[in-house]
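Chains as they are written, first to last, in my numbering: chain E, 280 to 613; chain V, 280 to 613.
The C-beta atom is built at its ideal place from N, Cα and C for all residues, glycine as well.
Everything numeric in this text was worked out from a predicted model, so none of it was measured.
Notes for the one structure printed next.
2 protein chains.
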Amino acid sequence: MKTTIKDIAQQAHVSVGTVSKILNKKDGHISDETRQKVMAVAKQLNYTPNTLARSLVTKQTKTIGLILPDISNPFFPELARGAEDKASELGYSIMYCNTDDDVKKEDKYIQMLTEKMADGIIITQSVARKMTSERLQLARTPIILIDRDAEGEGVGGKVLVDNLMGAYEAIKHLLIKGYRNIVFVAGPLTSNTTKARLEGYKRALDEFKVPFNKDYILEGQYKSEWGFKAVNQLFEKKLNFDAVFCGNDVIAISVVKALKDAGKLIPEDVAVIGYDDIHMASLIEPPLTTVRQPIYEMGYRAVEMLVDIIENPNQDIKERRILLATKLIIRKTT
Amino acid sequence: MKTTIKDIAQQAHVSVGTVSKILNKKDGHISDETRQKVMAVAKQLNYTPNTLARSLVTKQTKTIGLILPDISNPFFPELARGAEDKASELGYSIMYCNTDDDVKKEDKYIQMLTEKMADGIIITQSVARKMTSERLQLARTPIILIDRDAEGEGVGGKVLVDNLMGAYEAIKHLLIKGYRNIVFVAGPLTSNTTKARLEGYKRALDEFKVPFNKDYILEGQYKSEWGFKAVNQLFEKKLNFDAVFCGNDVIAISVVKALKDAGKLIPEDVAVIGYDDIHMASLIEPPLTTVRQPIYEMGYRAVEMLVDIIENPNQDIKERRILLATKLIIRKTT
DNA sequence: TGTATCAAGGAAAACGTTTGCCCAAGTATT
DNA sequence: AATACTTGGGCAAACGTTTTCCTTGATACA
């Protein structure tokens with residue numbers, strides 16, 4: 280049997296309340312003698328608290344849920360890492376969940392996390408659906424949106440990246456370099472992230488008086504396979520293009536691969552630009568020009584924000600929103 | 280306030296015990312009428328159980344801890360994914376922890392997990408230290424070792440990969456292809472994983488009567504930078520080599536990069552072979568020959584084993600050990 | 001001398017469940 | 001008619017903590 284506070288109390292001939300006070304350093308009214316006795320017994324019995332019981336009375340579990348689409352997508356481990364580092368620093372632990380962008384799973388996990396009494400939730404939603412009050416009723420717990428924006432009253436806060444500017448700068452860079460027929464191999468257009476990037480894309484085009492052609496917008500998934508498929512589509516459509524702007528680096532890497540396999544020279548025949556700046560981006564041939572996102576920092580800041588909400592509940596803040604800047608990393612594919 | 284079982288009891292005019300029995304489908308002795316009434320009230324009040332309280336009495340949290348060196352190393356997300364998928368299937372959730380191969384952090388997390396009453400722990404240990412009884416006393420909970428082996432009584436089980444054979448086959452392949460001066464850019468030699476691979480390396484050499492030269496063994500970390508450093512060392516030492524066997528794909532990818540930057544042709548001048556078969560391995564130029572590990576399956580099987588131990592505690596099994604096979608994936612770097 | 005203050009620590013309720021035991025009434029068996 | 005099950009459901013302990021309020025004795029103060 281694990282030793283409990285009761286065992287300590289018995290052996291030290293004091294009451295459980297006293298033991299609890301001492302162990303929690305609320306020992307203003309305890310003599311040095313008893314304190315030391317209790318501490319000694321605790322150590323000897325190898326006591327570790329049962330946080331379940333503690334949480335039951337204190338109403339906090341020091342646990343936060345992290346709901347992500349898919350940890351095997353290289354974008355998310357870094358985000359998770361940032362979250363875990365900050366959480367650990369603040370004394371919280373992280374429960375993690377993969378949704379595969381499946382709304383059902385999202386709901387299931389939110390449910391699970393509320394049952395486990397998580398103090399808060401950080402989520403990258405699959406689609407930009409509203410956080411309905413119904414859902415929030417389910418999770419009577421602060422929620423932070425991360426990476427992907429969505430409407431919704433009742434969301435505790437948001438940590439986002441300025442996708443409009445990120446895309447704008449990327450496209451502007453291509454335009455300055457003289458590319459004019461720029462394909463956008465995008466993620467799902469249901470996502471606000473994608474929408475914002477499309478905005479940026481259009482804005483840059485506008486500025487350079489290049490007409491927008493919606494045939495150049497290809498909608499797909501944030502997955503490696505999509506890169507190959509997209510290039511196929513381009514060739515099938517016999518589209519005349521000289522640059523490809525990709526929804527993320529994973530897509531970009533497979534686009535580069537597919538283009539090279541088709542005999543294209545990069546960047547001479549066609550330029551490629553990615554998004555994220557995952558580690559691998561600099562290692563492919565040629566090294567990938569990309570829009571760097573502060574991924575680690577997003578995770579880190581999200582936890583920071585969430586814990587602030589958890590621990591200072593009645594601050595009068597209308598909206599919490601962190602918008603992080605991207606940075607264009609110019610390598611050799613443009 | 281969240282609604283509790285008590286609220287339901289009041290509104291339905293029954294006792295809390297009855298509600299509990301109904302909600303848990305232990306309603307052999309309950310009339311249809313009351314059951315339906317209780318269910319209706321529960322739904323109407325939007326009840327979700329508080330698993331803290333439940334766990335306190337049932338002594339199980341349906342939570343397992345996953346302790347890994349670093350989730351941003353592409354090997355581990357896939358393992359984590361396998362673990363999470365199986366866990367979710369079995370009704371468990373996962374708490375995850377990054378140690379950065381720091382023994383202190385390992386202990387801290389084990390402590391944390393026992394305090395949170397995790398039902399079991401899966402760990403990739405940083406170094407092959409024994410699971411001392413002291414440590415197991417801390418964690419009075421089943422522990423599964425995954426990926427990296429270590430001695431120790433009291434370990435609940437192990438899920439490993441046959442690293443000796445994996446390395447053996449890789450080296451044999453190189454030898455058959457005619458390469459003779461084979462460098463091993465290894466991970467830390469304190470790890471049993473590395474040791475086993477070194478065994479395999481030697482065995483293959485032996486079989487082909489190629490003398491072993493310990494200058495060809497370079498010890499480092501399982502990180503991308505190590506690949507670059509290792510190649511530098513090779514050139515500095517002016518070592519005559521025609522093949523490089525790498526401790527993992529991340530290293531291999533940077534080795535390929537470094538070699539190409541130095542003007543070497545791959546595989547004509549020097550062959551490179553990796554380990555893991557991460558997704559990126561097939562996307563670099565030239566596509567990487569590598570030893571595929573069933574990473575996802577390791578995570579999956581570890582959870583399977585752990586939950587079996589948790590739920591059937593008094594089986595009389597002396598040792599649980601799963602040794603998974605690797606597979607040589609031949610691409611274009613050899 | 002009487003009273004207020006203070007230090008040290010105990011008692012017990014509370015947190016939200018589960019579960020073993022008990023009881024009452026009805027039904028079946030002898 | 002007496003006994004034995006069965007059905008339906010209540011009671012209360014237990015899980016391991018925290019925390020509020022009390023009690024007791026001692027000391028200080030007027």
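- For the 7 Å CB-CB criterion, Gly-370 (chain V) and Lys-395 (chain V) do not form a contact.
- Taking the Cα of Phe-354 (chain E) as reference, the smallest distance to any Cα among E:Met-280, E:Arg-599, E:Gly-433, E:Val-570 is reached at E:Val-570.
- Exclusion of the five residues before and after Arg-482 (chain E) leaves Tyr-447 as the residues of its chain whose Cβ lies within less than 7 Å of its Cβ.
- Residue contact check for Thr-569 (chain V) against chain E: no CB pair falls below 7 Å.
- Taking a C-beta cut-off of 7 Å against chain E, the contacting residues of the segment 347 to 376 of chain V are Ile-350, Ser-351, Pro-353, Pro-356, Glu-357, Ala-359, Arg-360, Glu-363, Ser-372, Ile-373, Met-374, Tyr-375, listed in chain order.
- Interface annotation for the segment 526 to 545 of chain V against chain E: Val-529, Ile-532, Ser-533, Val-535, Lys-536, Lys-539, criterion Cβ-Cβ distance under 9 Å.
- As summarised for the segment 387 to 454 of chain E, the continuous alpha helix (DSSP H) elements at least 4 residues long and confined to that stretch are 412 to 417, given in chain order.
- Distance check between Val-317 (chain E) and each of E:Asn-325, E:Ala-332, E:Pro-328, E:Ile-301 places E:Ile-301 closest, using alpha-carbon atoms only.
- Rounded to the nearest angstrom, the gap between the Cα atoms of Pro-546 (chain V) and Ile-608 (chain V) is 15 Å.
- Note on geometry: alpha-carbon atoms of Gln-572 (chain E) and Ala-560 (chain E) lie some 13 Å from one another.
- Annotated as distal: Ile-450 (chain V) and Gly-435 (chain V), with beta-carbon spacing of 7 Å or more.
- The three-state reading of DSSP puts Phe-354 (chain V) in helix, counting H, G and I together.
- Across the structure, Met-584 (chain V) and Gly-344 (chain V) are spaced so that their CA atoms are roughly 14 Å apart.
- With at least 16 other beta carbons inside 10 angstroms of its own, Met-374 (chain V) counts as buried.
- For Lys-316 (chain V), the enclosing alpha helix (DSSP H) covers residues 311 to 323.
- The beta carbons of Tyr-575 (chain V) and Gly-361 (chain V) sit closer together than 7 Å.
- Residue burial annotation: Arg-476 (chain V) is buried, with at least 16 other C-beta atoms found within 10 angstroms of its C-beta.
- A residue is called buried once 16 or more other Cβ atoms fall within 10 Å of its Cβ, and Glu-363 (chain V) is buried on that count.
- Taking 7 Å as the cut-off, the beta carbon of Ile-532 (chain V) is found closer than this to the beta carbon of Leu-562 (chain E).
- Non-local beta-carbon contacts of Lys-611 (chain V) in its own chain, meaning distances under 6 Å to residues more than five positions away in sequence, involve Pro-565, Pro-566 in chain order.
- Annotation: Tyr-495 (chain E) is outside any alpha helix (DSSP H) and is labelled neither H nor E by DSSP.
- The beta carbon of Lys-539 (chain E) is closer than 8 Å to those of Ile-545 in its chain, skipping five residues each way along the sequence.
- Straight across, the Cα-Cα distance linking Pro-348 (chain V) with Lys-384 (chain V) is about 10 Å.
- If you look at Lys-502 (chain E), you'll find it isn't in any alpha helix (DSSP H); DSSP assigns it neither H nor E.
- Contact between the segment 290 to 301 of chain V and the segment 457 to 474 of chain E is absent: fewer than three C-beta pairs spanning the two stretches fall below 8 Å.
- When Cβ-Cβ separations below 7 Å define contact, Ala-332 (chain V) makes contact with chain E.
- At least 7 Å separates the CB of Met-318 (chain E) from every CB of chain V.
- For Ile-588 (chain V), no chain E residue has a Cβ inside 9 Å of its Cβ, as the nearest lies near 18 Å away.
- Look at Lys-597 (chain V): its C-beta is not under 7 Å from any C-beta on chain E.
- Within chain E, no C-beta atom comes nearer than 8 Å to that of Ile-425 (chain V); the closest sits roughly 16 Å away.
- Neighbours of Thr-393 (chain E) in chain V, taken as residues at a C-beta separation under 9 Å, are given in chain order as Lys-281, Thr-327.
- In this model, Met-577 (chain E) and Val-549 (chain V) are separated by some 41 Å (Cα to Cα).
- Under the Cβ distance rule, Glu-478 (chain E) does not count among the residues neighbouring chain V, no pair being separated by less than 7 Å.
- Beta-bridge pairing by DSSP links Thr-568 (chain V) to V:Ile-552.
- Asn-511 (chain E) carries a helical assignment under DSSP once its states are collapsed to helix, strand and coil.
- Between Val-529 (chain E) and Asn-352 (chain E) the beta-carbon gap is near 7 Å, inside 8 Å, which marks them as a contact.
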